[in-house]
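Encoded as structure tokens, the structure appears first; notes follow it.
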Amino acid sequence: MSKGLPKRSEDYSAWYNELVKRAELAENSDVRGCMVIKPYGYTIWEKMQAELDRMFKATGHVNAYFPLFIPKSYLSREADHVEGFAKECAVVTHHRLKISEDGKGLVVDPEAKLEEELIVRPTSETVIWSSYRNWIQSYRDLPLLINQWANVVRWEMRTRLFLRTSEFLWQEGHTAHATQPEAVAEAKQMMEVYATFAEEQMALPVVRGIKTASERFAGAVETYCIEALMQDGKALQAGTSHFLGQNFAKAFDVKFASKTGELDYVWGTSWGVSTRLMGALIMAHSDDSGLVLPPKLAPYQVVIIPIFRSEEELETISEKVLQIKTQLESLGISVKYDNRDTQKPGWKFAEYELKGVPVRMAIGTRDLQNNTIEVARRDTKEKEMYTLDSDLCERIKVLLNDIQDHIYQKALAFRKENTTRVDTYEEFKEVLDTKGGFILAHWDGTAETEAKIKEETKATIRCIPINNQQEEGKCIYSGNPSTQRVVFAIAY
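In this text, residue positions in the sequence shown follow the numbering used here: the first is 1340, and each later residue adds one.
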């Protein structure tokens, strides 16, 4: 199954693209820039979605749904917002087709032109704040904590499955608050929710930080983020949470009466993660043999493969396997029993290695006689014979937890090995060329310096780390004073 898969060390991009397709996660669609998420890939997204949704609701949020289409005039109300998204918008101008005059096809009916063009949702701040104007009158209506699961369209010229597509799936939270501190606390809390999800579910260590002014979300006062390091040494923004101040409230006239009866604009936030997390999951952990999935997000955590020569042997093996399967499932472990007779065991081993199933169990007639079963873990490829006793399923549960932790620790060690402190611009450029990864360097805080470094090296400031220790130094580019190091990297 992995035969012919490009090597990461030789062509990381080709390896990634081919793995996404071979592992049956997604494929390009007939619509340029869009993708089809296949069942195996969508199951991973569903698991992500379910856990994130649980975490959102545990912090008091509820789900709603808002329109896919946004009147163009709405997008124009917040100046920074429209400037940030204008070049990526898909626009609906007509509402009807008709048969062409020669009768050979369809054409846009010129009589069906819309009075106002509609923007296909690139993000929903504008249409949601328009609704909030009707929902919020008093402090009693606050805080308003709403999330929606949806698709968005951002017209992309260069696309890559999961990482950058013209249409993608995501969630977007939009909240309204009575005070600035409440809104800031909300934005920070959701950044922490994303970080916890990445580290505990995806086994992906992240750096929590604040975006620079030039990198923050269009229309936000502050953008909080989590940044992850991929195996090719590039950074991936894995989630963002934005403190919007009163910008959208003022643009859409969303006011509330305080306890003293005074009118004021509400304070807002928005935050989101998307199917880009699928790309992060693949690139952070997988190897030249295929996917390596953390057990908590694997479509099935255990696959059991029978080794048999006859129907009678399969029947005998299946009786025992189904008992094991039932016991594992009672512990909350998802199991696939692959008893197909159309493929040989070796082919199945390769298939599930490619698909990243955390634990593979194999059992034949001789194993039954010896009261044993072979257990192989995907992350290290180690194999061990387990005894078919009452402790088997508990041991598998412990093994899955160990795999989850091992994948995280491996990614964390990789990040530590590929995080470099530099003090000069020459050293900065040398590390970028030879090693990549996260570079911790002093920056003078100016947009001009940030832009120059990006122009000359393609490296961007991924974030200003939160809780970063103050450290007096000199900017690597300008030599001007700096009070802390920031994280630079080449990014996706």
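Quick reminder that beta carbons are idealized off the backbone N, C-alpha and C, glycines included.
All values derive from a computational prediction rather than experimental measurement.
C-beta atoms of residue i and residue j nearer than 8 Å
| i | j | result |
| --- | --- | --- |
| Asp1783 | Asn1819 | yes |
| Val1459 | Val1431 | yes |
| Ile1644 | Pro1684 | yes |
| Pro1544 | Ala1828 | no |
| Phe1777 | Leu1602 | no |
| Glu1713 | Lys1722 | yes |
| Ala1522 | Trp1468 | no |
| Val1660 | Glu1668 | no |
| Arg1716 | Leu1779 | no |
| Gly1600 | Glu1495 | no |
| Leu1771 | Thr1788 | no |
| Lys1635 | Tyr1379 | no |
| Phe1767 | Ala1557 | no |
| Ala1596 | Ser1477 | yes |
| Asp1570 | Ala1526 | Reading off the sequence, residue 1570 comes out as Gln, not Asp. No; because the gap between Cβ atoms is not below 8 Å, this pair is not in contact. |
Three-way DSSP call (helix, strand, coil) for residue i in this model
| i | result |
| --- | --- |
| Phe1405 | coil |
| Leu1771 | helix |
| Asp1592 | coil |
| His1624 | helix |
| Ala1452 | Here residue 1452 is Lys; the residue named in the question, Ala, does not match the sequence. Strand, per DSSP. |
| Trp1494 | coil |
| Pro1410 | strand |
| Val1631 | coil |
| Tyr1533 | helix |
| Val1370 | coil |
| Asp1603 | strand |
| Cys1802 | strand |
| Leu1833 | There is simply no residue 1833 to check, as the chain begins at 1340 and stops at 1831 in what is shown. |
| Ser1609 | strand |
| Gly1618 | helix |
| Glu1363 | coil |
| Gly1812 | strand |
| Asn1486 | strand |
Residues near residue i by beta carbon distance below 8 Å, same chain, minus five either side
| i | result |
| --- | --- |
| Lys1774 | Gly1572, Asn1757 and Thr1759 |
| Ala1489 | Tyr1404, Phe1405, Leu1407, Arg1460, Ser1463, Leu1508, Trp1509, Gln1510 and Glu1511 |
| Trp1354 | Leu1344, Pro1345, Lys1346, Arg1347 and Asp1627 |
| Leu1453 | Val1431, Thr1432, His1433 and His1434 |
| Ile1485 | His1400, Val1401, Asn1402, Ala1403, Ile1467, Gly1512, His1513 and Thr1514 |
| Glu1455 | Pro1410, Lys1411 and Ser1412 |
| Tyr1639 | Ser1673, Val1674, Lys1675 and Val1696 |
Exposure of residue i, with buried meaning 16 or more beta-carbon neighbours within 10 Å
| i | result |
| --- | --- |
| Glu1650 | exposed |
| Ile1438 | exposed |
| Val1642 | buried |
| Asn1806 | exposed |
| Pro1482 | buried |
| Gln1576 | buried |
| Val1826 | buried |
| His1781 | buried |
| Ser1625 | buried |
| His1516 | buried |
| Asn1740 | exposed |
| Gln1540 | buried |
| Val1492 | buried |
| Lys1598 | exposed |
| Met1724 | exposed |
| Pro1633 | buried |
| Gly1703 | buried |
| Asp1718 | buried |
| Gly1629 | buried |
| Pro1697 | buried |
| Arg1479 | exposed |
| Arg1555 | buried |
| Ser1505 | buried |
| Arg1615 | buried |
| Ala1790 | exposed |
Neighbourhood of residue i by C-beta distance below 7 Å, restricted to the same chain and skipping five residues each side
| i | result |
| --- | --- |
| Val1609 | Reading the sequence as shown, one finds Ser at residue 1609 and not Val. Contacts found: Glu1464, Glu1511, Gly1512, His1513, His1581 and Leu1583. |
| Lys1360 | Glu1366 |
| Tyr1604 | Gln1585, Ala1588, Lys1589, Val1593 and Lys1594 |
| Asn1709 | none |
| Arg1472 | Phe1591, Asp1592 and Val1593 |
| Gln1519 | Trp1606 |
Same chain, Cβ closer than 6 Å to residue i, neighbours up to 5 away in sequence not counted
| i | result |
| --- | --- |
| Gly1578 | Tyr1533, Ile1565 and Val1612 |
| Gly1618 | Phe1501 and Leu1502 |
| Gly1812 | His1781 and Ser1821 |
| Asp1419 | Ala1557 and Gly1558 |
| Asp1706 | Ile1712 |
Original post:
Three or more C-beta pairs closer than 8 Å, one from the stretch 1455-1470 and one from the stretch 1393-1408: is that the case here?
Top reply: yes
Original post:
Does the stretch 1795-1807 come close enough to the stretch 1544-1560 that 3 or more CB-CB pairs lie under 8 Å?
Top reply: yes
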